[in-house]
Amino acid sequence: MLALTFQGVETLRLVDAAEPRIEDPGDVIVRVRLAGVCGSDLHVYHGRERGLDPGTILGHEFVGEVAAVGPEVRRWKRGDAVLSPFTTSCGDCGPCRAGLTSRCERGRLFGWRENGVGLHGGQAELVRVPLADSTLVRMPRGVSSEAALFAGDVLATGYFGVDAAGVRRESTLAVVGCGPVGLMAVLTAADLGVAAIWAIDRVPERLAIAARLGATPIDLDRDDPVALARGTPIDAVVEAVGSPAAARLAFDLVRPGGTVAAVGVHTEPHFAFSPGEAYDKNLTYRAGRCPVRHYLERVLPLARRYDRELQALVSHRLPLADGIRGYELFAGRREGCTKVVLRPRPEDAG
Ligand SMILES: [Zn+2]
Ligand SMILES: [Zn+2]
167 MLALTFQGVE TLRLVDAAEP RIEDPGDVIV RVRLAGVCGS DLHVYHGRER
217 GLDPGTILGH EFVGEVAAVG PEVRRWKRGD AVLSPFTTSC GDCGPCRAGL
267 TSRCERGRLF GWRENGVGLH GGQAELVRVP LADSTLVRMP RGVSSEAALF
317 AGDVLATGYF GVDAAGVRRE STLAVVGCGP VGLMAVLTAA DLGVAAIWAI
367 DRVPERLAIA ARLGATPIDL DRDDPVALAR GTPIDAVVEA VGSPAAARLA
417 FDLVRPGGTV AAVGVHTEPH FAFSPGEAYD KNLTYRAGRC PVRHYLERVL
467 PLARRYDREL QALVSHRLPL ADGIRGYELF AGRREGCTKV VLRPRPEDAG
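Here the working numbering = 1-based position in the sequence shown + 166.
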């Protein structure tokens, strides 16, 4: 089968890979209809996140149809249309029961294999999904494949950021970084009716989308958001980048007693602000990987309501065979690239 693999920093290769097989009785094999390229795939691509085995099939955003089921699978049969969170989860361990499905004791991240252990990803014709009964979710009626793809990662993560930031209708919220996750945080906050939403970035196309979704755009190359925040105290910040500069900006923006929710993937060893600075601001700092499975029931209605807006965020729809170009466009922010969706079988519609 055709698959897009990681070979080294900024080196990907399309290969004819072995088809995945049922390995555990709870496995399902999904035939991929759509696979997304995520901002966190770029961390791997650029080598900011290390440890991935060369040859790993990339990608943790996918929707598709069940192609094969293991003997202990109860909920799924061949042909069922499903979407997947970007991690597997058992639904039964301590973290899962506490709603932290992204830290399931048995869970794994798609598209991450290290020292021969882990899961291949969804940027392929087929993908193996362990713990399928508790991981996969049925494709809801009235939601497009692209909107469902967003629900399985970036929309859920944006929602999680707004939730973690403790945002209320009367809040002033700043979103640092208007990549797909930041834009999804804007969409969620606007849907909640949040009074004031600042969207901070330096890419004009992204700021324009944020404005359409209901935010006040702030261009880092033209405006100084920290100076602006002296006049408008910021109650909460969703930091959706995952870099020291973004973390520092989030800290500098938030008012004393405010909350920073960091949902961008951080890989650096130290905070961009000191414990003393955090103390002096009575800061609440929340961070981590979104427990998508836990949030999906709340997120799918948003995907349905904003289906058209979500589809409009996809700037590039490419066959999987053009996947390397998709990464290059996304990494270089070229051709107005905001989101790349890959199609293993270009003849698939919808
Ligand atoms: Zn992702
Ligand atoms: Zn679990």
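From the three backbone atoms N, C-alpha and C, an ideal C-beta is built for every residue, glycine too.
Source: prediction; values computed, not measured.
In this structure, P261 has its CB closer than 7 angstroms to one or more heavy atoms of ligand 2. Within its own chain, the residues whose Cβ lies closer than 7 angstroms to the Cβ of L208, once the five positions on either side in sequence are excluded, are F496 and A497, listed in chain order. In the structure shown, H482 adopts extended strand secondary structure according to DSSP, grouped into three states. In terms of side-chain proximity, the C-beta atom of E227 is found nearer than 7 angstroms to a non-hydrogen atom of ligand 1. For I366, the enclosing beta strand (DSSP E) covers residues A362 to D367. Distances from the CB of D319 to the heavy atoms of ligand 1 include at least one below 7 angstroms. The beta carbon of E280 sits closer than 7 angstroms to those of G217, L218 and D219, all from its chain and outside the five residues before and after it, given in chain order. DSSP places E494 inside the alpha helix (DSSP H), whose first and last residues are G489 to A497. Taking a cut-off of 8 angstroms on C-beta distances, the segment 254-272 touches the segment 286-300, as three or more cross pairs fall below it.
Of the candidates I490, P512 and S481, S481 places its Cα closest to the Cα of K505. The continuous beta strand (DSSP E) containing Y451 extends over residues T450 to A453. Take Y493, set aside five residues on each side of it, and the residues of its chain with a beta-carbon closer than 7 angstroms to its own are L178, V203 and Y211, in chain order. For D299, the Cβ stays outside the 7 angstroms cut-off from all heavy atoms of ligand 2. Between V426 and S337, the alpha-carbon positions lie close to 13 angstroms from each other. Between L180 and R197, the alpha-carbon positions lie close to 18 angstroms from each other.
The segment 391-433 contains, as complete alpha helix (DSSP H) runs of 4+ residues, the segments 391-397 and 410-419 (chain order). With three or more CB-CB distances shorter than 8 angstroms, the segment 324-337 counts as touching the segment 421-438. Fewer than three pairs of CB atoms, one per stretch, sit closer than 8 angstroms, so the segment 430-443 makes no contact with the segment 464-479. For C270, the Cβ stays outside the 7 angstroms cut-off from all heavy atoms of ligand 1. For L321, the enclosing alpha helix (DSSP H) starts and ends at V320 to A330.
Under the three-state reduction of DSSP output, E280 falls in the strand class. The closest heavy atom of ligand 1 lies 7 angstroms or more from the beta carbon of C503.
Distances from the alpha-carbon of G221 to those of G213, L170, G245 and I363 put L170 closest. Within the DSSP secondary-structure output, F172 pairs in a beta bridge with L178. Taken from the Cβ of D190, every heavy atom of ligand 2 lies 7 angstroms or farther away. For the 8 angstroms CB-CB criterion, A314 and V431 do not form a contact.
D367 places its beta carbon 8 angstroms or farther from that of L353. Taking the Cβ of F252 as the reference point, at least one heavy atom of ligand 1 falls within a distance shorter than 7 angstroms.
Per DSSP, the beta bridge partners of L275 are T253. As the crow flies, the alpha-carbon of V248 is around 16 angstroms from that of R509.
When the beta-carbon positions are compared, V347 and A402 stay at least 8 angstroms from each other. Under the criterion of beta carbons closer than 8 angstroms, G205 and G277 do not qualify as touching, at roughly 13 angstroms. In this structure R335 is in contact with L358, their Cβ atoms being roughly 6 angstroms apart against a cut-off of 8 angstroms. By the C-beta density criterion, T433 is exposed, having fewer than 16 other C-beta atoms within 10 angstroms.
Looking at the backbone, the Cα of E238 and that of L285 are separated by about 20 angstroms.
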